[in-house]
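In my numbering, the protein residues as written are 222 to 339.
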């Protein structure tokens, strides 16, 4: 049942974002920022962790999950360092995901030989 919940929740999130992209004139970058901020707000309110426990990777892999990771990192850093944790917590929490995206993106560019648009 865990796989099923992850599949339908992740699919629903992606479908809603696709509808948002098709029906509005918002640029994809703004939609991505909106998702990260929404994930951070949902995490701050305390609703994201029960959502992750229900949906697993379906809730933690999309951009909403990145906002959740950033907010959890900021909360932990503020608890440890006080006010200065606001500035360092998100970087520490999101560093692994960002580094993995850069490394795998580079490896994919080596394998698939991208070309510049004319």
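Heads up, the beta-carbon is just placed ideally off N, CA and C, and yes, glycines get one too.
- The C-beta distance from residue 309 to residue 289 rounds to 18 Å, too long to fall under 8 Å, and the pair is not in contact.
- With a contact defined as Cβ atoms closer than 8 Å, residue 267 and residue 286 miss out at about 16 Å.
- Between residue 315 and residue 291, the CB-CB gap stays under 9 Å.
- By the Cβ neighbour-count rule, residue 250 is exposed, with fewer than 16 other Cβ atoms within 10 Å of its own.
- The beta carbons of residue 280 and residue 230 sit about 6 Å from each other, so the pair counts as a contact at 8 Å.
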